[in-house]
Amino acid sequence: MKVDLSGQVAIITGGSRGIGNGIAVALAENGAACIITGRNTERLKKAEKALQAIQPACKGVALNVEARGEVDALAKEIYETFGRIDILVNNAGITDDQLLLRMKEDQWDRVMETNLKGTFNCTRASIKYMLKKRSGRVINISSVIGLMGNPGQANYAASKAGIIGFTKAVAREFARKQITVNAIAPGYIVTDMTEKMEEKARKGIISLIPLARLGSIEDVANAALFLSSEAASYITGHVLNVSGGLYI
Ligand SMILES: NC(=O)c1ccc[n+]([C@@H]2O[C@H](COP(=O)([O-])OP(=O)(O)OC[C@H]3O[C@@H](n4cnc5c(N)ncnc54)[C@H](O)[C@@H]3O)[C@@H](O)[C@H]2O)c1
192 MKVDLSGQVA
202 IITGGSRGIG
212 NGIAVALAEN
222 GAACIITGRN
232 TERLKKAEKA
242 LQAIQPACKG
252 VALNVEARGE
262 VDALAKEIYE
272 TFGRIDILVN
282 NAGITDDQLL
292 LRMKEDQWDR
302 VMETNLKGTF
312 NCTRASIKYM
322 LKKRSGRVIN
332 ISSVIGLMGN
342 PGQANYAASK
352 AGIIGFTKAV
362 AREFARKQIT
372 VNAIAPGYIV
382 TDMTEKMEEK
392 ARKGIISLIP
402 LARLGSIEDV
412 ANAALFLSSE
422 AASYITGHVL
432 NVSGGLYI
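Take 192 as the starting number for the sequence shown in the numbering used here and just add one per residue.
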């Protein structure tokens with residue numbers, strides 16, 4: 192499959208590290224100007240430099256996806272600078288695990304605000320510029336936890352399941368405008384988020400994965416690259432499970 196994203200502009204939230212950064216690298220390697228957002232400016236600058244070595248038009252911008260005003264202003268600025276927004280990857284996400292009876296309201300709110308409301312904020316802000324061209328790709332990073340649940344992750348599972356419902360509704364709403372909206376549901380991927388896991392827990396998880404390994408950032412980035420490409424133009428409202436068979 193040949194992918195050519197040259198001339199296209201992609202926004203990747205939480206793109207300074209982990210899965211988001213892997214997606215930005217994959218899109219930039221295939222020609223897209225990637226605007227990565229994050230909260231840590233030092234890390235953002237480093238990631239920006241590395242991306243610019245691949246595709247000079249790439250940029251790193253500080254953004255809190257929960258802040259609607261900030262998100263709207265950034266999408267406007269990107270559109271005014273580049274004249275287009277082709278791809279949005281809603282990747283920014285957090286966990287704050289706790290068993291339900293001990294979960295504080297604040298833990299619930301924070302995870303929902305970043306993961307679900309952040310996805311809503313960024314999609315609404317960007318899709319109006321995709322409409323102008325009557326084409327676009329929205330890719331929402333959900334999780335297998337949103338499909339299968341997990342003890343101690345009621346907040347995270349609800350936010351990720353919410354992203355799937357959101358994906359399907361928005362896919363139906365914008366299909367006539369040739370804007371596709373899909374979700375990726377990664378399983379356990381080796382990143383900072385899963386790095387904190389103890390060795391015993393890691394082995395336990397691998398024993399549940401039919402393909403018998405944790406996923407790599409590239410596994411998810413390849414799925415995002417495909418969904419961004421022309422080859423995926425007839426796919427919308429889909430949840431692409433990238434979990435080595437953990438969820439079947
Ligand atoms: N790592 C996994 O195994 C795994 C599995 C399934 C799904 N996911 C999902 O993939 C996505 C990326 O995960 P990761 O493992 O790379 O995580 P990570 O913690 O390495 O990166 C998350 C990114 O999101 C950004 N972010 C967090 N809150 C933000 C906010 N309010 N505003 C802007 N940016 C914010 C962070 O700055 C960071 O760049 C997340 O949505 C996560 O839920 C990860």
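All residues carry an ideal CB built from backbone N, CA and C; glycine is no exception.
For residue i, the residue or residues it bridges with in DSSP
| i | result |
| --- | --- |
| residue 431 | 375 |
| residue 316 | Residue 316 is not bridged to any residue. |
| residue 204 | 228 |
| residue 253 | 229 |
| residue 332 | 375 |
| residue 285 | Paired residues: none, contrary to the question. |
| residue 279 | 202, 329 |
| residue 370 | 327 |
| residue 344 | 289 |
| residue 406 | 380 |
Local Cβ density within 10 Å of residue i, reported as buried at 16 or more and exposed below that
| i | result |
| --- | --- |
| residue 419 | buried |
| residue 250 | buried |
| residue 228 | buried |
| residue 300 | exposed |
| residue 328 | buried |
| residue 231 | exposed |
| residue 435 | buried |
| residue 204 | buried |
| residue 239 | buried |
| residue 403 | exposed |
| residue 366 | exposed |
| residue 309 | buried |
| residue 286 | buried |
| residue 290 | exposed |
| residue 266 | buried |
Option nearest residue i by Cα separation, candidates the options
| i | options | result |
| --- | --- | --- |
| residue 364 | 292, 264, 391, 314 | 314 |
| residue 201 | 252, 348, 402 | 252 |
| residue 324 | 234, 415, 381, 368 | 368 |
| residue 317 | 303, 362, 270, 302 | 270 |
| residue 407 | 237, 210, 294, 392 | 210 |
| residue 304 | 265, 267, 349 | 349 |
| residue 342 | 330, 292, 224 | 292 |
| residue 235 | 206, 431, 216 | 206 |
| residue 421 | 280, 322, 237, 371 | 371 |
| residue 260 | 286, 312, 278 | 312 |
| residue 383 | 294, 295, 208 | 208 |
| residue 362 | 330, 392, 401, 395 | 330 |
| residue 385 | 413, 295, 416, 334 | 334 |
| residue 373 | 274, 272, 401, 423 | 423 |
| residue 322 | 387, 274, 295 | 274 |
| residue 417 | 278, 295, 390, 272 | 278 |
| residue 199 | 392, 409, 272 | 272 |
Cut-off 6 angstroms between Cβ atoms - residues of its own chain near residue i, not counting five sequence neighbours on either side
| i | result |
| --- | --- |
| residue 359 | 428 |
| residue 352 | 337 |
| residue 216 | none |
Any non-hydrogen atom of ligand 2 within 6 angstroms of residue i CB
| i | result |
| --- | --- |
| residue 252 | Among the ligands in the structure shown, ligand 2 does not appear; only ligand 1 can be found there. |
7 angstroms Cβ cutoff met for residue i and residue j
| i | j | result |
| --- | --- | --- |
| residue 379 | residue 399 | no |
| residue 222 | residue 263 | no |
| residue 375 | residue 332 | yes |
| residue 284 | residue 255 | no |
| residue 276 | residue 320 | yes |
| residue 156 | residue 355 | Shown here, the chain extends from 192 to 439; a query on residue 156 therefore has no answer. |
| residue 297 | residue 344 | no |
Chain-order list of residues whose beta-carbon lies under 7 angstroms from that of residue i (same chain, five-residue window excluded)
| i | result |
| --- | --- |
| residue 339 | 438 |
| residue 425 | none |
| residue 219 | 225, 242, 245, 246, 249 |
| residue 415 | 214, 217, 280, 330, 375 |
8 angstroms CB neighbourhood of residue i in its chain, flanking five on each side removed
| i | result |
| --- | --- |
| residue 411 | 210, 213, 214, 332, 375, 377, 380, 433 |
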